[in-house]
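**Q**
Chains as they are written, first to last, in this note's numbering: chain A, -6 to 492; chain B, 271 to 477.
1. Can you look up residue 306(B) in the DSSP assignment and give me helix, strand or coil?
2. Which residue marks the beginning of the beta strand (DSSP E) containing residue 422(B), and which one marks its end?
3. From this set, 404(B), 445(B), 435(B) and 374(B), which residue's C-alpha is nearest residue 424(B)'s C-alpha?
4. Over the uninterrupted alpha helix (DSSP H) stretch that includes residue 401(A), give me the two end residues.
5. According to DSSP, which residues form a beta bridge with residue 344(A)?
6. What three-state label does DSSP hand residue 415(B) in the structure shown?
7. Which word fits residue 272(B), buried or exposed, when buried means at least 16 other C-beta atoms lie within 10 angstroms of its C-beta?
8. Which class does residue 377(B) belong to by DSSP, given the choice of helix, strand or coil?
9. If contact is defined by three or more beta carbon pairs under 8 angstroms, each pair taking one atom from either stretch, is the stretch 432 to 447 of chain A in contact with the stretch 469 to 480 of chain A?
10. Taking contact to mean at least 3 C-beta pairs separated by less than 8 angstroms, is the stretch 440 to 447 of chain A in contact with the stretch 411 to 421 of chain A?
11. If the cut is a Cβ gap below 8 angstroms, which residues of chain B does residue 176(A) touch?
12. Report yes if the C-beta of residue 402(B) is less than 8 angstroms from at least one heavy atom of the ligand FAD; otherwise report no.
13. Return helix, strand or coil for residue 449(A), following the three-state DSSP convention.
14. 9 angstroms is my cut-off, CB to CB: does residue 357(A) come that close to chain B?
15. Which residues bound the alpha helix (DSSP H) around residue 479(B)?
16. Anything in chain B within Cβ reach of residue 101(A), meaning under 9 angstroms, just list it in chain order.
17. Between which two residues does the beta strand (DSSP E) containing residue 276(B) stretch?
18. Any beta carbon of chain B sitting closer than 9 angstroms to that of residue -4(A)?
19. Assign residue 428(A) to one of three DSSP states: helix, strand, or coil.
20. According to DSSP, is residue 299(B) part of a helix, a strand, or is it coil?
21. Counting C-beta neighbours from all protein chains within 10 Å, is the total for residue 276(B) 16 or more, i.e. buried, or is it exposed?
22. Which residues in chain B sit within 7 angstroms of residue 272(A), going by Cβ to Cβ distance?
23. Give me whichever residues DSSP pairs with residue 148(A) in a beta bridge.
24. Sort out for me which residues DSSP pairs residue 448(B) with in a bridge.
25. Helix, strand or coil, according to DSSP, for residue 319(B) in the structure here?
26. Give me, in chain order, the residues of the same chain whose beta-carbon lies closer than 8 angstroms to that of residue 401(B); leave out the 5 immediate sequence neighbours on both sides.
27. Check whether the Cβ of residue 434(B) lies closer than 9 angstroms to any Cβ atom in chain A.
28. In chain A, what lies closer than 8 angstroms to residue 293(B) by C-beta?
29. What is the DSSP secondary structure of residue 469(B), reduced to helix, strand or coil?
30. Rank 355(A), 49(A), 360(A) and 241(A) by C-alpha distance to the C-alpha of residue 304(A) and give the top, closest one.
31. Alpha carbon to alpha carbon, how far is residue 303(B) from residue 361(B)?
32. My output table needs one value for residue 248(A): the three-state DSSP class, helix, strand or coil.
33. Spell out whether any CB of chain B is found under 9 angstroms from the CB atom of residue 493(A).
34. What residues from the stretch 62 to 91 of chain A come within 8 angstroms of chain B, judged by C-beta to C-beta, listed N to C?
35. Please check the pair residue 323(B) and residue 397(B), which I expect to be a contact at CB under 8 angstroms, by giving their CB distance rounded to whole angstroms.
36. So if I threshold CB-CB distances at 8 angstroms, which residues from the stretch 406 to 439 of chain B count as touching chain E?
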């Protein structure tokens, strides 16, 4: 396979003879690859940021409605039971998935060491994806929502997402075939796996729950097999692939241990896929089914701790870099929260603890720790790294990046803490039949108010990020020859960092 | 790991195992239930929904009731569901054979509704509660579903369906609040929720 097809002729000629490749040529090669991803990356990232804003707005409406149920209650399309799933689906499919796809396709091109081919497939996918999310969110608000958690989109919307995903999967397989021969980097294992797992997951769940629904007694199992695996086998692999790429890249040093990477990958594949039934503990299901998931959830300790050690040892000794590099600060924050979210998830699967947290806001806090503090923060880190390279312009302002980081870091920290505390009080009260149901609700009210405040902080951070992104796209500001960092190179010791 | 084939096969097999266990098994074992005829009473359990209640089931889905209300009574040892009087026995898979989508739920901002039709059989109570939840149930943060009702001018005799509302939501003089068909359907569904019937695999636990 001639992977050098799209390079300038002299570079292509040299790349065919690896011995003659100089660092300058590699730099040109990377620039050509980055440029080839420009349109698809900007389409996925741009729409992701748009949906992040819409999703934040829907979240605020839903959250404030729990503080003041009289708010905006004249219209059916803004009732809590529609705004909440509209928020979830807007951020899961509109923001997180699109941000993940944008990151994944850039990583694929870089790691396959070949310019992006067949970009029309991706552009088509981006259009279908956004049509699907738009129709889905409007569908939920207008009363077509399905009330199947994580799969609320009506069929006309989920079908479009499926088409979009089909196009992306075909593209991914083609890219892999055209990759330059040699080492397959750990990030690629995760990306390849995610691209194979998600279409399978999404089609199985949609067929059995929406297109040809099976009996209700089995639907809960399929629902939570899907919902938990979307987190575990779609977002987690993309998030980890990104961290495995960015951390060593920014620090300029290799991943601590290749063997730990292998162990982490295969144990994740085996155990995570069996986790879902812990959402149904105590419910109308055979005991073995639930037990299998509880065991698999506890076994998640292996991939989680392996990956945590691997990432930690890679950063160890270089934590200073978090002061300068926006990419690294967001990514390491996300990687640390992956460990936290996973350990918390394991504890929540243990039946004696689950009996407290089940049916409470504690679970909502956990979901945000996973999808936001882990995944979303890593996506921010990736965007800070990738966008200047594909747009050909540095971020306009380090101050905007700093505000973005602190608003969302404090916002998500506060959200997780208040939902966890409120959820624990609610759960303990629910366990005690002497406490009236209304009193269990009263325990949550002050915490739900604080949650709304934390949502305001997050939304402010998102608006700043969107402004920063727009300025970058418009190439506003002075021309910079250096990346936008929190500290200039003169101010820091010892050696320069590459992001 | 430099061979794509190895990765693809491994990725396929690990996922296949969970697909077999958590999807195929439930598909063949939990989705094949038939109703049971009670030999004493001749009743068919779980009972079929009326047409109106079935329409209400869809309104329950499109209004997102599940985001605050569960419909499952857990076994002894898992929470205080039975002590709270939410049901006379834990629910089992057969109870949900007619449900699609199934509303097991994962959140209890509001109480469980597995048997709400038995616990609160008054139609008027449900109308009032849907229209002004915090008045009927002080402290509630349930949203008002007033968009399922119409306020209209009384012409001639007041309508028999008109609902009685307390201040501040009571209609002005000469007006009345009547449920739309959707409100009627939703309440027909809520009133149908009564899973206290006996099933062979779900005996009532000793008191």
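Glycine residues also receive a C-beta, built at the ideal position from the N, C-alpha and C atoms.
**A** According to the structure shown:
1. strand
2. 419 to 423
3. 445(B)
4. 391 to 424
5. According to DSSP, residue 344(A) bridges with nothing at all.
6. coil
7. exposed
8. strand
9. no
10. yes
11. 272
12. Questions concerning the ligand FAD fall outside what the structure shown contains, since it holds no ligand whatsoever.
13. helix
14. yes
15. Any property of residue 479(B) remains undetermined from this structure, which presents chain B solely from 271 to 477.
16. Neighbours of residue 101(A) on chain B: none; closest Cβ ~13 angstroms, over 9 angstroms.
17. Looking at the DSSP string, residue 276(B) is not in any beta strand (DSSP E); the run it does join, the alpha helix (DSSP H), is 274 to 289.
18. For residue -4(A), the predicted model reports a pLDDT of 41, less than 50, meaning its position is unreliable; a value from the coordinates is still stated below. No - not a single Cβ of chain B is within 9 angstroms of the one on residue -4(A).
19. coil
20. helix
21. exposed
22. 376
23. Looking at the DSSP assignment, residue 148(A) forms no beta bridge with any residue, so it has no partner.
24. 420(B)
25. coil
26. 414, 415, 416, 419, 433, 435, 439 and 447
27. no
28. 197, 201, 214, 215 and 218
29. strand
30. 241(A)
31. 14 angstroms
32. coil
33. Past the boundaries of the shown model lies residue 493(A); chain A is included only from -6 to 492, so the question cannot be answered.
34. 62, 63, 66, 67, 68, 69, 72, 73, 74, 75, 77 and 78
35. Not a contact, Cβ separation roughly 16 angstroms.
36. Of the protein chains in the structure, A and B, none is chain E.
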